[in-house]
Amino acid sequence: MSLHLGYPTLNPPSSSFPPAQIFQPIGIGSHVVSRNKLVDELIARVKSFHIIRVNGTPASGKTTIMNLMVNKLFECDPATPIYVLSGWKMESVCSANGWAAYLEKQTGIHGRCWLTHRGYLFLDEAQQSFWDDELWADLFKAVEPASQVYIVLFMSYGSPTRGFTGFEQEKYVKTPMVFGAEQQISLRPDENVTWPWRPVGLLLDADEANEVVERYAQTIIPNCRPILTQDLKQEFFRSSNGHVGLITSLTHVLNGVPVSLVLGLSLNVLPTNLLILMLSTLDASGIVRSCQPIDWSTTSKALFSDPIKFFRIIENLPFARGLPPPWIIQKHGPASVLKEAIACDGIYGSSFEKKSEEWKQALGNIWANGWLHAEKSDGDIHFVFASQIHRWYCQCLFTEKCPDNELNYDSPLQLALDAIKRFQPRQLSDAPRSLAGNSSPLEDQYQKEFYCCLFPLLDGHVVMSPEFMTKAGTNGGTIDFLVAQKKW
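Numbers given in the numbering used here equal positions in the sequence shown, counted from 1, plus 1.
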């Protein structure tokens with residue numbers, strides 16, 4: 002899957018053609034998977050509803066999906082013109098005297114003629130248009146089944162390259178119209194959509210994730226096939242939740258694990274034979290040269306034994322575009338919300354009914370920036386991290402801050418008993434809820450409540466282990482952590 006491909010305007014060599022019109026398929030790298038199921042479903046829905054939106058956190062593959070849709074339309078509907086715009090800058094629109102004139106400048110079709118013009122209109126970074134009430138009221142909301150236009154809006158919950166919504170200069174406002182369930186595609190498939198529509202989402206499934214790892218690795222690692230063991234690919238998928246930006250970032254790290262990371266690991270953490278193995282696969286530049294298979298156990302120990310160093314390695318890779326900046330934990334509201342989301346592996350919207358306005362505003366801003374993703378869950382809204390590694394990163398932000406409190410516990414047992422005293426019976430009596438809609442085992446429910454109550458007691462002292470980062474089913478992980486001050 003592409004990192005975040007740009008899309009050049011492919012026009013004939015003439016200035017008379019509108020800049021937004023695409024005249025031939027967009028070039029896409031060999032490492033991009035086709036994702037036919039998702040692309041076909043998006044095309045079917047936009048042909049039925051004439052306007053749909055695709056929501057996703059930063060680096061979740063929205064632009065690549067748009068490019069794949071454009072190319073597929075050249076195959077299945079070559080007679081219909083295609084137009085692609087990126088963003089909706091206020092200064093550009095205003096200088097053109099409004100949305101309708103700006104569309105005419107970009108597409109050659111006056112905005113007020115678009116409802117009766119047969120064509121596909123793609124708008125990437127569509128969240129930048131939320132300020133333009135006239136565009137939404139006069140065009141987007143006016144689209145109906147009898148319209149000739151087909152509009153696809155690709156939007157994140159904020160743009161990390163243009164300031165952080167609510168925390169810096171205000172960039173966007175809440176979307177001014179409501180889309181039906183079938184008109185929107187998000188990270189995870191919506192299992193509640195009804196026939197003839199199929200549940201699809203931006204996150205990769207296991208087969209797609211494996212193919213992404215294989216294809217992407219081939220572009221950056223020489224002779225990589227023997228290196229990529231099946232369990233390595235499976236755990237890349239499991240730890241990333243199928244988030245393409247995270248999968249490609251993890252694959253990229255295989256190509257350039259710094260020698261300093263390996264040398265920085267204590268032999269108590271990394272066995273001598275494993276250290277020798279990892280050093281044998283690295284040259285002075287940190288490039289993988291050996292063709293020996295690398296399993297998940299080797300990789301996870303080498304990469305995740307020091308989480309702070311790991312996140313510094315990947316801070317400039319696609320994964321980092323969906324992460325909060327370190328300074329955000331200095332703000333009381335967002336810091337409090339993120340702590341609760343870390344402890345409880347997400348936050349339910351209903352739990353905020355009695356929270357302060359500061360908390361509510363912080364949650365809204367966190368959601369708007371894509372640091373938490375909103376999912377429907379049993380009539381509620383569940384705000385969750387895009388993956389467990391996203392959650393792990395946020396937890397590490399608080400770990401980097403020097404704790405300003407002492408832990409007054411003489412043993413782990415005392416700490417555990419104090420956590421159990423904080424159990425909330427309502428949390429244990431309610432039916433277990435999960436994103437998959439399945440009932441989780443009772444012991445899993447108690448385990449989550451234990452961790453939720455334990456985390457506040459260890460504020461600033463706890464470092465989660467990679468085992469907790471990866472969800473591998475009922476038997477696949479424990480709540481393990483390091484309390485550095487006590488050496489527990």
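Just so you know, even glycine gets a beta-carbon here, dropped at the ideal spot from N, CA and C.
Beta-bridge pairing of residue i - partner residues as DSSP gives them
i: Val-338; result: DSSP lists no partner for Val-338.
i: Val-1; result: Residue coverage of the chain in this structure runs from 2 to 489, which leaves residue 1 outside it and unanswerable.
i: Phe-155; result: Val-55
i: Ile-23; result: Ile-83
i: Ile-348; result: Phe-384
i: Ile-186; result: Val-55
i: Val-150; result: Gly-120
Host alpha helix (DSSP H) of residue i (start-end)
i: Ser-378; result: No alpha helix (DSSP H) contains Ser-378, which is instead part of the beta strand (DSSP E) from 374–378.
i: Arg-313; result: 308–314
i: Leu-304; result: 297–305
i: Val-213; result: 207–221
i: Ala-102; result: 100–108
i: His-32; result: No alpha helix (DSSP H) contains His-32, which DSSP labels as neither H nor E.
i: Leu-247; result: 245–256
i: Gln-362; result: 358–369
i: Lys-332; result: Run containing Lys-332: none; DSSP gives neither H nor E here.
i: Leu-203; result: First-last for Leu-203: undefined, no H or E at that position.
i: Cys-77; result: 63–77
i: Ser-96; result: 91–96
Straight-line Cα distance separating residue j from residue i
i: Thr-64; j: Phe-50; result: 21 Å
i: Thr-117; j: Pro-146; result: 11 Å
i: Val-144; j: Gln-107; result: 20 Å
i: Tyr-121; j: Thr-81; result: 7 Å
i: Pro-223; j: Ile-348; result: 43 Å
i: Trp-297; j: Thr-249; result: 16 Å
i: Ala-207; j: Gly-365; result: 31 Å
i: Phe-238; j: Phe-353; result: 32 Å
i: Pro-327; j: Tyr-394; result: 10 Å
i: Asn-56; j: Leu-418; result: 43 Å
i: His-32; j: Trp-115; result: 36 Å
i: Pro-19; j: Asn-98; result: 18 Å
i: Pro-310; j: Thr-195; result: Residue 310 is actually Lys in this sequence, not Pro. Taking the straight line from one Cα to the other gives about 46 Å.
i: Met-378; j: Asn-193; result: The identity of residue 378 in the sequence shown is Ser, whereas the question assumes Met. Cα to Cα, Ser-378 sits roughly 11 Å from Asn-193.
i: Ala-375; j: Pro-190; result: 12 Å
i: Leu-373; j: Ile-110; result: 38 Å
i: Lys-356; j: Gly-181; result: 29 Å
i: His-333; j: Lys-302; result: 34 Å
i: Gln-331; j: Phe-305; result: 25 Å
i: Gln-235; j: Leu-229; result: 10 Å
i: Asp-381; j: Phe-24; result: 44 Å
i: Glu-316; j: Ile-367; result: 19 Å
i: Val-263; j: Thr-299; result: With a pLDDT of 41 at Val-263, under the threshold of 50, the modelled position of that residue is not reliable, and no figure is offered here.
i: Gly-112; j: Glu-105; result: 6 Å
Spatial neighbours of residue i in its chain, beta-carbon cut-off 6 Å, leaving aside the 5 residues before and after
i: Gly-88; result: Glu-126, Gln-129
i: Tyr-217; result: His-32, Thr-249, Thr-252
i: Tyr-410; result: Leu-416
i: Phe-386; result: Arg-392
i: Pro-325; result: Trp-372
i: Lys-73; result: Val-40
i: Asp-139; result: none
i: Ala-363; result: Gly-334, Pro-335, Val-338
i: Glu-491; result: As shown, the chain starts at 2 and ends at 489. That puts residue 491 outside it, with no answer to give.
i: Gly-243; result: Leu-204, Leu-205, Ala-210
i: Ser-388; result: Ser-241, Asn-242, His-244, Leu-247
i: Ile-329; result: Pro-335
Start-to-end residues for the beta strand (DSSP E) that takes in residue i
i: Tyr-410; result: Here Tyr-410 belongs to no beta strand (DSSP E), and DSSP marks it neither H nor E.
i: Asp-125; result: 120–125
i: Ser-241; result: Here Ser-241 belongs to no beta strand (DSSP E); instead the alpha helix (DSSP H) covers 231–241.
i: Leu-86; result: 83–87
Heavy atom of the ligand GTP within 7 Å of residue i beta-carbon
i: Val-194; result: Although the ligand GTP was asked about, the structure shown includes no ligands whatsoever.
Residues of its chain near residue i, where Cβ-Cβ distance is below 7 Å and the 5 sequence neighbours each way are ignored
i: Ala-60; result: His-5, Gly-246, Pro-319, Phe-320, Arg-322, Gly-323
i: Val-94; result: Trp-100, Tyr-103, Asp-133
i: Val-47; result: Ile-53, Tyr-151, Val-153
i: Leu-455; result: Ala-420
i: Val-34; result: Met-2, Glu-209, Glu-212, Val-213, Arg-216
i: Cys-397; result: Pro-308, Ile-309, Phe-312
Cutoff 8 Å; reference residue i; Cβ partners in own chain excluding five residues on either side
i: Met-178; result: Trp-137, Phe-141, Lys-142
i: Val-201; result: Lys-38, Leu-39, Glu-42, Leu-43, Ile-186, Pro-190
C-beta neighbour in chain D for residue i, strict 8 Å
i: Thr-64; result: Note that chain D does not occur in the displayed structure, where there is just one protein chain.
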